[in-house]
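Below is one structure; the comments refer to it alone.
2 protein chains.
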Amino acid sequence: MYDALFNHIELKSGRTLADNERDVIMHAFHQKRIRKGEYFLREGDVCKYIGFIVKGSARMFTVDEKGHEHIIRFGLESWWISDHESLVNLTPSTYFIEMLEDSELLIISLPGARELRHKSRCFNLTVSVLDKFQAIAMQKRIHAAIGMTAEEKYSDLLATYPEFLERFPMNMIASYLGLSPETLSRIRKNAIHK
Amino acid sequence: MYDALFNHIELKSGRTLADNERDVIMHAFHQKRIRKGEYFLREGDVCKYIGFIVKGSARMFTVDEKGHEHIIRFGLESWWISDHESLVNLTPSTYFIEMLEDSELLIISLPGARELRHKSRCFNLTVSVLDKFQAIAMQKRIHAAIGMTAEEKYSDLLATYPEFLERFPMNMIASYLGLSPETLSRIRKNAIHK
DNA sequence: CGTTTGCTTGAATTCTGTCAAAGCAGGTGG
DNA sequence: CCACCTGCTTTGACAGAATTCAAGCAAACG
């Protein structure tokens, strides 16, 4: 269960974890199972935990006045999920985070994570690295969203996150790209002949 | 010149700067003036500095194959500019950063910034706070880009960054929102009657 | 088996971009 | 002081792109 987390931290921090550091990290997290279709976070609730996905997948999305869902981001194994805004400001979230498969998570509270960053240099490094990576990824996504046609967005996704297409249904991919499912279907049809 | 920076750090970190800490910070930065229309960073160059805007404004944008410009973000007084991706990875940037007015900047290298984070607790706090703020703002922007109609994007901008409309020409606002200047013009025309 | 869910297709509609042209400042030089 | 730029914004007409609505199909599931 915790091995996935240890591997992830060693990979991102570029360091090896000593046994005592593993202990510290292990005790800072709690295990949590969430079944397919159930929620890690609901709109209106304050986000209390950061979750590390050991197994399973998730989507973070909003629902607008017309009842349409917009997927802000996905989560897969070794990804972190939470609503940072709600977590930091202790405000009700405007997002849902739903698990798309039966999932196993390791969760930690914000104070817990802050404490752990002081106790474990590797964990601290990992968080820094991920924050940077996240910022760069988001900037690229903004670029895609404002500057690309539907077709370009799709082939960009194909190049960047090919695993998404195997793990998530097309209507969610469409929502993630800001397209209607029908438009995405037509794009894929054309793309085959190239 | 440095007062704007000190005020900004005190505001964001929520602490008061002691005189010796001001000295440390001051010596970590260099002054730089860039005239209207000139570049802080060019596509293909490696970004060497992080810039704090004391006076002036900037836009960060890409140019696609068709020659169209897409504005990723703006910069105003007390905002920071740089291409994080290029800065951290030492790779050629895919962005331009152009000053839109005669500007005064305080610049610092990445190693310089890292050193300063160790030397000044206030500066370190400021960077952390801004990173979080940035991440939240970018998530909102993604939400706007994939989930809102052109009209909603405009009124969202009106609510979030009203100062943009006074400081930047409409064709740039349009580019920032991912719209054509003509579409934005028509939206604004309709919006008056509401 | 019947139901559900996800994906595709078609036709009509709405929205947005493109192209071309004209209006409207502010600034400059004669 | 005026004529002439030049950069920015607005308009109109048209073409193209994407959404919506409706229907059909196939695989998955109880």
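First to last, the protein sequences are chains A and B.
One point on numbering: in our numbering, the residue at position 83 of the first sequence is 83, and numbering is uninterrupted.
One point on numbering: in our numbering, the residue at position 89 of the second sequence is 1089, and numbering is uninterrupted.
All C-beta atoms in this analysis are idealised placements derived from N, C-alpha and C, irrespective of residue type, glycine included.
Does ARG35(A) come out as helix, strand or coil in the three-state DSSP assignment? coil
Work out the CA separation of GLY14(A) and ALA137(A) for me, nearest whole Å. 20 Å
Below-8 Å beta-carbon distance, PHE1048(B) vs any chain A residue: Reading off the sequence shown, one finds Lys at residue 1048(B), where the question assumed Phe. No, its Cβ sits nowhere closer than 8 Å to a Cβ of chain A.
With DSSP collapsed to three states, give me the class of ARG1042(B). coil
Identify the continuous beta strand (DSSP E) that holds PHE1123(B) and give its terminal residues. No beta strand (DSSP E) holds PHE1123(B); the alpha helix (DSSP H) holding it covers 1121–1147.
Per the contact definition of three or more C-beta pairs closer than 8 Å, is the segment 1052–1059 of chain B in contact with the segment 1110–1122 of chain B? As far as the Cβ criterion goes, the segment 1110–1122 of chain B does not touch the segment 1052–1059 of chain B, which means the pair count is below three.
For THR1091(B), which option in ILE1072(B), LEU1106(B) and CYS1047(B) has the closest C-alpha, if you only look at C-alpha atoms? CYS1047(B)
When you check each C-beta in the segment 1045–1070 of chain B against every C-beta of chain A, which residues fall closer than 8 Å? THR1062, ASP1064, HIS1068 and HIS1070
Step through the CB atoms of chain A and report whether any lies within less than 8 Å of the CB of GLY1075(B). no
Please name the residues in the segment 122–139 of chain A whose beta-carbon is closer than 8 Å to at least one beta-carbon of chain B, in chain order. ASP131, LYS132, GLN134, ALA135, ILE136, MET138 and GLN139
Please classify ALA58(A): does DSSP put it in a helix, a strand, or coil? Three-state result, ALA58(A): strand.
What are the residues in the segment 146–169 of chain A lying within 7 Å of chain B by C-beta distance? For the segment 146–169 of chain A, which is checked against every Cβ of chain B, the residues closer than 7 Å are ILE146 and GLY147.
For HIS27(A), the first and last residue of its enclosing alpha helix (DSSP H): Counting along the chain, HIS27(A) sits inside the alpha helix (DSSP H) bounded by residues 19–28.
Taking Cβ positions, are PRO1181(B) and ASN1190(B) nearer each other than 8 Å? no
Specify the secondary structure class of LEU11(A) as computed by DSSP and reduced to three states. helix
Quick one: which chain B residues come within Cβ less than 8 Å of GLY178(A)? ALA1145, ILE1146 and GLY1147
Locate the alpha helix (DSSP H) running through SER1185(B), then write down its first and last residues. 1181–1191
Three-state secondary structure (DSSP) of LEU1090(B): coil
For the beta strand (DSSP E) that contains PHE74(A), what are its first and last residues? Residues 69–75.
Skipping 5 residues on each side, what residues in its chain have a beta carbon closer than 8 Å to that of LYS1194(B)? At LYS1194(B), the pLDDT of 48 sits below 50, so the modelled position is not reliable and the matter cannot be decided from this model.
Can you name, in chain order, every residue of its own chain whose Cβ lies under 7 Å from the Cβ of SER78(A), other than the five neighbours on each side? ALA4, HIS8 and ILE53
For the beta strand (DSSP E) holding LEU106(A), just list the boundary residues, first then last. 103–109
Going by C-alpha to C-alpha distance, which of HIS1143(B), LEU1106(B) and LEU1125(B) sits closest to LYS1032(B)? LEU1106(B)
Label SER185(A) either buried or exposed according to how many other C-beta atoms from any shown protein chain fall within 10 Å of its C-beta, with 16 as the threshold for buried. exposed
GLU1065(B) in three-state terms, based on DSSP: coil
Taking the C-alpha atoms as reference points, what is the distance between THR160(A) and MET1001(B)? 43 Å
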